Each structure stands twice: as structure tokens, then as C-alpha cells.
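Start counting the sequence shown at 1; every next residue gets the next number (the UniProt record's numbering). Just so it is clear, CB atoms sit at the ideal spot from N, CA and C, and this is done for glycine as well. Nothing here was measured: the structure is a model prediction, and the numbers come from that model. Below is one structure, written out as C-alpha cells; comments come after it.
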Amino acid sequence: GLVAAIMELLPDCEQRMCARHIWSNWQKNWRGEERRKQFWRCAKSSFEVKFQDEMDKLDKLGNKICGDLLHYEKKTWCKAYFKEHAKCDVVENNMCETFNSWILAARHKSIITMLEEIRHKIMDRNVEMRKFVDTWISDISPMASLVLEENKDYARDCQVRFNGQFGYEILDGHYRHIIDIRKKTCTCRTWQLRGIPCQHAVLAYQHAGQDPEDHVVHWYRKNTFMKAYNYFIQPIPNMKMWPHTSDIVIEPPEPKQMPGRPPKCRRKSKDEPRKKYGKLSRRGVKMTCSKCHQQGHNNKACKYVVILKQTFNYFN
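If you want it as C-alpha cells, here you go:
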């Protein structure tokens, strides 16, 4: 399969799985809102002690429930076991879903038209992203600034103790984390996973009289962002202006009309939340007969009236 092929071709690369799809498969045997919430607490635990505590809570919600979850390798879906070099702690693969919805109008067209529309969209987006940099109020991206401000708010509930050199003890609830501002590490691992100082690192830098923003990794800065959009899509003429060739013309395959209406909408899972606006769904509503007022059939398939007529004719 695809997983085996990637491991063979890219053995040194970290392999992660989408936690949402793992939950979708796992919850078939373990339904319930509390179990769903506890699964995500386990997946988003950034260090092993926190993960074990959340797994102990999950274990109380069902017999052998943790064993079924650990059937999936935890290093592929839990933050606590992610490698730290990527500076990305995302546990879901929402980027692909976003891109698919972005090209939704072009996906159902012929191959050349589809590729042309995608090329135009990428060309426009590159220009928009280069203009977007001019709206930044600091050297780091708005997303990184938002995360940093949230960590500053969380840092107010923590207590700090300094060792006089580079080490700090940060008491955060039931956990005491160790900070080394020289190595830029924290035992909660959020700093190493994201590259943005966590609430513990923010408190340590504030105690040291330094600005936490200066210690955000270069991946979130303007220069790096501009490098990502430094390659331009070159304009090309349309099909009518293409040069003619004497090579063999490769015709497209004949289209086959498949039975039924072609599906265009993405198939949602059973437990995926539906939209709360628009037309009300009849999902879960039982059919009621207008003649006999019994559930399970309509008036066209009603046998109750036929039985009454047969009974009436029999006695008459």
C-alpha cells in the first residue's frame, strides 16, 4: 500500500497519520461524546506523562478501550511522540481537505481545463500572499503572533523559579516543567514542536527581561514567508494559440456513462456534524401512514385498509 511505499522510498522521513481518520475508524466500536473528547485530549498531549494521564482517564470509559486505540502506532498520531525538527504539531490532515474544497469548481472539468483553472488560482494566490505580507504588524506572521499572545495569557497562571543561570522551574497546574533558555527547550515539548515559545518559555523570558517574540523560529518570519512565494507562475497562451505538430495525436478515452447521478459532494462519515442551517433533514424521522396512522409505511403501501375491506366483505 501507500504507507509501505513511502516507508521504502523515504525511510528517514517522519510518517504521521491523520488523527481524525484514526478516530473515525476507532470510534466504530467506541462511540460516545465523552470518549471522543478524551481521544482528542490524548492525541494533543505534548509530553508522555500527560499522555499517560489522559490514557488512564480513557481506560475508565470502557474495557480494553486503550488496547484498541494503541493498535495504531502512537508515534504517528500523538504529539507526545512526534519528532521536533519539523516545527509543526498538527495532528490532522486538514490542508488536503482545504485544497480540495478550494479547487472544487475545477475538479469536475476536463483535464486541460481543470489544470488551467488551478494554474490561474495559484497565480492569483501568489500575488495575494505577497501583498498579504505588507499587512503584518511585526516581523512574525499573524498566526504566530496570535499563538504568542495566547501563551502570554496562559503564563499568568504559572509560577516561576530561577536557578541563577539558564534554568527555570515553571509550575503549571499539576506539572512542573523545566526550561533551558540557552538550549530553547521545555519539558512540555510544545516549544520544540511548534518553534513558538510556550507559556512556560514566555514566563521565563519575561523573568529574564527578554522579548519572547525575538525567540520565534525563522519559519514564521517575513523573509521565510517571501521565499515560499518567490517562484512565479509564468503566463502561457490558450489552446488556440498553441503551435501545431505533426506528431501522433493522442485522443482522450471515450467517456463512459456510469449508472446513476455522478456524485459531487464529499461523502461525510456517520458521526460527522451536519450543517445547522438550511433545509431540515428527514434523517431519523419515521414514516407515518395518513390512513391508519401506523409508522413504518405510507398510505400507498398501507395494508391495514385492505384488511379492513376484506374483513367487511367477509362478514357481509
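Would you identify the three-state DSSP class for residue i, choosing helix, strand or coil?
i    : result
F51  : helix
Q15  : coil
I233 : coil
R41  : helix
H177 : strand
R31  : coil
I140 : strand
R194 : helix
T224 : helix
T135 : helix
C186 : strand
Q257 : coil
Q199 : helix
Q295 : strand
For residue i and residue j, which I take to be in contact (beta-carbon distance under 8 Å), what is that distance rounded to the nearest angstrom?
i    : j    : result
V217 : K87  : 6 Å
E54  : C42  : 5 Å
C188 : F47  : 6 Å
M287 : N298 : 6 Å
Between the options, which has its C-alpha nearest residue i's C-alpha?
i    : options                   : result
K121 : R189, Q206 and N100       : N100
P212 : K222, F225, F232 and W191 : W191
K50  : E251, N238 and D172       : D172
G195 : D68, G67, K28 and V147    : V147
Y168 : S24, A208 and D124        : A208
A19  : L115, T113 and D89        : D89
K44  : E149, G67, K75 and A4     : K75
N230 : E116, I103 and R130       : R130
P252 : S110, E116, I118 and G296 : S110
D157 : G164, I170 and H244       : I170
P142 : W219, N93, S290 and R267  : W219
T224 : I140, H21, K268 and E97   : I140
P237 : I112, I22 and A5          : I112
K264 : C292, I103, E128 and H85  : I103
G164 : R182, M123 and A4         : R182
Q234 : M123, H244 and N94        : M123
R267 : L2, I250 and E97          : E97
D12  : K28, W26 and H85          : H85
L193 : E117, N25, V91 and K303   : V91
H21  : W77, A5, L2 and G1        : W77
A144 : E254, K28, Q294 and P197  : P197
From which residue to which residue does the alpha helix (DSSP H) around residue i run?
i    : result
E169 : That residue, E169, is in no alpha helix (DSSP H); its beta strand (DSSP E) goes G167 to D172.
F162 : Premise fails: F162 lies in the beta strand (DSSP E), Q159 to F162, not in any alpha helix (DSSP H).
I111 : I111 to F132
D68  : I65 to L69
I248 : Run containing I248: none; DSSP gives neither H nor E here.
M7   : L2 to L9
W102 : N94 to W102
Flag this pair as yes or no: are the beta carbons of residue i and residue j separated by less than 8 Å?
i    : j    : result
E14  : K79  : no
F166 : D180 : yes
W136 : K227 : no
Q199 : N151 : yes
C186 : H177 : yes
I65  : D56  : no
V133 : A204 : no
R107 : M114 : yes
M17  : Y72  : yes
L10  : R35  : no
W30  : D68  : yes
K256 : H215 : no
Please indicate yes or no: does the CB of residue i lie closer than 7 Å to some heavy atom of the ligand PLP?
i   : result
G32 : The model depicted lacks the ligand PLP and carries no ligand whatsoever.
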